[in-house]
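Protein chains in written order, with the numbering used here: chain A, 1 to 302; chain B, 1001 to 1396; chain C, 2001 to 2382. Beta carbons: idealized from backbone N, C-alpha and C, even for Gly. Just so it is clear, the structure is predicted and the values come from calculations on it, not from any experiment. This report concerns only the one structure given below.
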Amino acid sequence: MDFEFFIQQLINGITLGGVYALIALGYTMVYGIIQLINFAHGEFFAAGGYMGVILISYLASQGLHPYACLAIALVLAMGYCALLAMAVEQLAYKPLRNASRLAALLSALGMSIFLQNGLMLTQGVYDKAYPTEITSGGFHWGLISVSYMQIFIVALTASLLVGLNVLVFKTRIGRAMRATAQDKVMSALVGINSNRIIAVTFAIGAGLAAAAGIMVGLYYGSVSYTMGFVPGIKAFAAAVLGGIGNITGAMIGGLIIGMVEIFAAGYISGEYKDVFAFIILIGVLYFKPTGIMGENVDDTRV
Amino acid sequence: MTIRESKKKWLACGVGLLWFLILLWPMLGITPDGLEFGNTLKVFGYVAVAALIIMLFYQVQQAGRLEAAERPLKAVGGAIQAAYEKTPTWMVLAVVFALAVIYPLLTGRYAHDVAIQVLVYVCLGLGLNIVIGLAGLLDLGYIAFYGVGAYTYALMSLHFGLSFWLCLPVSAFFAAIAGCIIGYPTLRMRGDYLAIVTLGFGEIVRIILNNWMALTNGPNGILSIPRPEIFGYSFRSLSSMYYVILGIAIVTIISVYRLNYSRIGRAWEAIREDETAAELMGVNTFLLKLLAYAMGATFAGFAGAFFAARMKFVGPESFTFLESAMVLAMVILGGMGSIPGVILGVLALVALPEVFRELELYRMLVFGGVMTLMMLVRPAGIWPAKRVGRRSEEAE
Amino acid sequence: MKRLLVLAVALAALGLFLAGCGEEKKADQVLKLGTMSPLTGPYAADGNDIRQGAEIAAEVFMEAGGIPGYSNIEVIPQDTACDPKQAVAAANKLINEKVTGVVGAYCSSSTIPASETLAEENIIMLTPASTNPKVTERGLPYMFRTCGRDDHQAPAAVKFMKDVEGVKTIFIVDDKTTYSQGLAEGVAMAAKEAGIEVLEHDHVNQGDKDYSAVLTKVKAANPDLFYISLQNSATGALMVIQARRMGVTAILMGQDAVYHPKLIEIAKGDAEGMFCTFGAIDKDAPSYKEFLTKYKAKSGNEPGAYSAYSFDSATAYLMAVKAAGTTDPVKVRDELLKLDFTGASKHIKYQENGDSGSNYTVYKIQDGTFTPYWNSLTGEKY
């Protein structure tokens, strides 16, 4: 009984951690390349969630198979958020690239408020329901239950981690990203279009956020226009905890924050769970001021 | 402006509008009942027309056709500028002070409320300005000190019946202690690590306020907090409360001004510009950074105690992260490190949402947009400080 | 520097005048009624219902003849964002607009400070949604409440658990707001008195989406009934979906804030069989049907949980003004106390302290709708 309780909480923690990690990956990539805390990232996540439900219900009404709907919606929503992120980058961040970092931070905050309210005005104030029938069901062993969605989220996060690492370390564009992150002027001198690389990074980050939004929508059953805010902060904490700018670090940070929250709620007290998560964060940063994996200040930063 | 340049501008505008349409349509147009375009085109139409008008205006202005209209404006501006430069500073201050004093006599109740909010945020903004503008420490959990101040007064007056004037310094003292507690572990961190840790502390304080039922009464908050009294006169009306906060704000402005030009203020600026160099020159960075947190928190404590007395109610909802972000926005928008800048930033960010109240649902949308726009137009703030160098961490 | 100064002057002027002393319109012949509710933020859904309810009430009242001496009724909506500071600002704004009555607010933590401000100017406030007992217990003469009270709702819910469902153990979860926690504590207390064992009273935070940790606890504790006290229907739906997926088999029971068509729309099949306490709204009564058709026609959507209460609050105020023939608060208060009518939500008769009594009914979600199941006043099933 106690053991089963523990295992179930462990599964809960891994899933929640996976969700945070998915969002944190985008955060950390953007931070790595232009050292900007992109407050609007949580809104890309929410926009992705909305786009997913809009597309799934439209495609379903056209009589497509549910899995086909899901796959097409996933791709299109990721594309949509990539476009959105590129627009935001072009409009609100690019002109501030040489201004103080706080100016860009504030611009990001303004964009976050703008996008959140834009979502509210276009999508209405009510939560939107996801067609959860597609992915319902799961395994049960005694008291332990694991849903297909949980497995899917963890699998997706893990494969994205591998995929992103390959992208950053093994491909041409990854090399260009690392070069831009390290020194914009120098990389421009050797023929890298740093503006394009930054736009691509934003697009990838937002695409990941959109995927996370759809996963969350399917897993929890609904999306709301305010959904980006709290996970955004948690994902930011996760990215910092792991060592901001570091892809593997974001993953580890996400898992830790998720686990701490679940176990604090499960064993200590539900209302103070965020306090424990933040205390762990502060404690880790006190002893390792650049996060668990260490900030990548050498050529591995993206 | 050459034809080519203007062509480029128009092209950019066109591409931007097209992009906007692509982003807008899926949100409005795709429904389970099918695809529709009417709604999207309507919204797009408004935006496109507005964009075209702005572009046309811009074009005409660039071409110099508006000079006839601009000249008198410029002349007025120049005259004001000249008059401002000729009049001694004390005179300007005296006029501003006189205006501030007679303000409640000229305006209505709602204006008093807005003015009180402005002054509360002036205290908060100037306090945060010490931490971020002078010492260069990014603090995203500043509102926690405000909360500590508010709850200190609320609890002291509730349990011990202490008067507002006695609680005011006590609140500030407790807030300063909270500042030291938060400041201590963060001293080793820099930049964005500091940001998330202070954010975490801010959230911790809010969650504790929301959950420690025995002390803070949790989400119910503390009710019927007394208004200040002096020699039997109770500050019941809004206009009398306005004078209380005006007094606190003036004290804050003077102290921050004095601090700014003191040894401590210069040491803070040295830390902001280059911490290692400052340490080398014999600045005790550890103590001074801690002091910056404590001083910043002190003013938040003043503001908090006043806030509790003015609302007659404190609850944890008032101390969220968004509120911290708001104060931060005021400081950066106004111009870090500059006192008139911070005051202008406060005026802008408190007045804007209130002016936009007429827009109802569009209020926050416009607010967010304007915030970004202001940053794009004036990245250094409305009234940047004179003594600001490039911060060391930016120059990487 | 020049531009800067112009900007400074412009901003100062903006703050001083535009915000302050605008709106110097001629106020005669137009009755001004304010509404206060969260139009932005997480509770915007319910806030919107409240605004719409009052607006439609004013329209309907005008169509039915209006008030002699007044050419129109203007409804001025204000956003509180469920934040006490903004609520007080909104109250002051409404005072400036010279409203004589206010319908609102939604969150009890907004209603309480806002009502203190409105009381200074003797403005009548009728809340359609704040159920915290403190709202009417502060001795404010012009505070009225159209909905029920938490300290009536909790015993009604517990009575239902014990008498109808024969529940022996319950698990309570709330999300730490004035309203949800107050109600949850009420239920815990009443349950203890009734001899029902409270296995645990746990909390989640607002803004959470993941309730798996607490639900694992619920599953391990295996209560007869799982009582959900959350601030709005969207989080309620999340809790219900996750509970069923986790394999919690207990009876689910919610309260008036999760009572909303959206709960069923989001939770779908998982919500089947769930119970909710809400004021008894007789959906077959002519007054409700009339309200429903007009509401749908004018707003284009289904009424939410508080639409009818907001509609009735505004109607009650307008009726009182009409009867009094003036907006003088003393006379209107007398007329409000004399009112005795059947509104869209319930039969309304205000008491001396401003309450209008509670008539909580337990609804069961059956076939995708809320079906009245048990009446707490008579103690009988429908």
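Interface flag, residue i vs chain C, CB-CB below 8 Å
i       : result
B/L1209 : no
A/V125  : yes
A/Y68   : The sequence shown places Ala at residue 68 of chain A, rather than the Tyr named in the question. No - not a single Cβ of chain C is within 8 Å of the one on A/A68.
B/N1220 : yes
A/S112  : no
A/H41   : no
B/M1364 : yes
B/R1206 : no
A/Q9    : yes
B/E1393 : Its pLDDT being 44, under 50, B/E1393 is placed unreliably in this model, and the value from its coordinates should be taken loosely. It does not: the Cβ of B/E1393 has no partner Cβ on chain C nearer than 8 Å.
B/Y1151 : no
A/M222  : It is Ser, not Met, that sits at residue 222 of chain A in the sequence shown. Taking Cβ atoms only, chain C reaches closer than 8 Å to A/S222, which makes this a yes.
B/C1180 : no
Start and end residues, beta strand (DSSP E) containing residue i
i       : result
C/I2170 : T2169 to D2174
B/W1383 : Segment: none, B/W1383 is in no beta strand (DSSP E) and carries neither H nor E.
C/R2145 : M2143 to R2145
C/N2375 : T2369 to N2375
C/S2037 : V2030 to S2037
Anticipated Cβ contact below 8 Å, residue i with residue j, distance rounded
i       : j       : result
C/A2280 : C/N2375 : 6 Å
A/L22   : A/A206  : Incorrect: roughly 12 Å between the Cβ atoms, too far for contact.
C/V2277 : C/V2167 : Correcting the residue type first, residue 2277 of chain C is Thr in the shown sequence and not Val. Contact flag wrong, Cβ pair sits at about 14 Å.
A/L76   : A/C69   : In fact, because the Cβ distance is near 10 Å, the residues do not count as touching under 8 Å.
B/M1375 : A/G291  : Incorrect: roughly 28 Å between the Cβ atoms, too far for contact.
C/C2082 : B/E1317 : 7 Å
Partners in chain F for residue i, counting only beta-carbon separations shorter than 9 Å
i     : result
A/L83 : Among the chains of the structure shown, chain F does not appear; the protein chains present are A, B and C.
Proximity test, Cβ basis, 8 Å: residue i and chain B
i       : result
C/Q2181 : yes
C/K2026 : With a pLDDT of 41 at C/K2026, under the threshold of 50, the modelled position of this residue cannot be trusted; read the value that follows with caution. Not closer than 8 Å to any Cβ of chain B, the Cβ of C/K2026 fails to qualify, so no.
A/E271  : yes
A/L156  : no
C/V2088 : yes
A/G294  : no
A/P289  : yes
Chain A contact for residue i (CB, 8 Å cutoff)
i       : result
B/E1323 : no
C/H2203 : yes
B/F1313 : no
B/A1195 : yes
B/P1032 : yes
B/R998  : Any answer about residue 998 of chain B is impossible in this case: the structure gives chain B only from 1001 up to 1396.
B/A1329 : yes
C/G2300 : no
Identity of the residues DSSP links to residue i by a beta bridge
i       : result
C/K2296 : Paired residues: none, contrary to the question.
B/W1268 : Its beta-bridge partners do not exist; DSSP assigns none.
C/F2278 : C/T2361
C/F2341 : C/I2348
A/F308  : Any answer about residue 308 of chain A is impossible in this case: the structure gives chain A only from 1 up to 302.
A/K128  : A/V223
C/E2197 : C/T2169
A/W141  : A/I144
C/F2226 : C/F2171 and C/L2252
A/V30   : According to DSSP, A/V30 bridges with nothing at all.
Alpha helix (DSSP H) segment containing residue i, residue limits
i       : result
B/R1310 : T1285 to M1311
B/N1260 : L1238 to N1260
C/M2161 : Segment: none, C/M2161 is in no alpha helix (DSSP H) and carries neither H nor E.
B/W1212 : B/W1212 -> no alpha helix (DSSP H), and no H or E assigned at all.
C/L2263 : P2261 to A2267
C/E2074 : Looking at the DSSP string, C/E2074 is not in any alpha helix (DSSP H); the run it does join, the beta strand (DSSP E), is N2072 to D2079.
B/L1359 : Run containing B/L1359: none; DSSP gives neither H nor E here.
Item to check | Sequence ranges, beta strand (DSSP E) only - wholly within the segment 2106-2136 of chain C, length at least 3 | outcome: 2124-2127
Checklist entry - Which ranges does the alpha helix (DSSP H) cover as unbroken runs of at least 4 residues, wholly within the segment 1065-1123 of chain B, from first to last along the chain? => result 1067-1086 and 1089-1106
Checklist entry - Unbroken alpha helix (DSSP H) runs of length 4 or more, entirely within the segment 88-128 of chain A: which are they? => result Secondary structure within the segment 88-128 of chain A: the alpha helix (DSSP H) runs of 4 or more consecutive residues, fully enclosed, are 101-123 (chain order).
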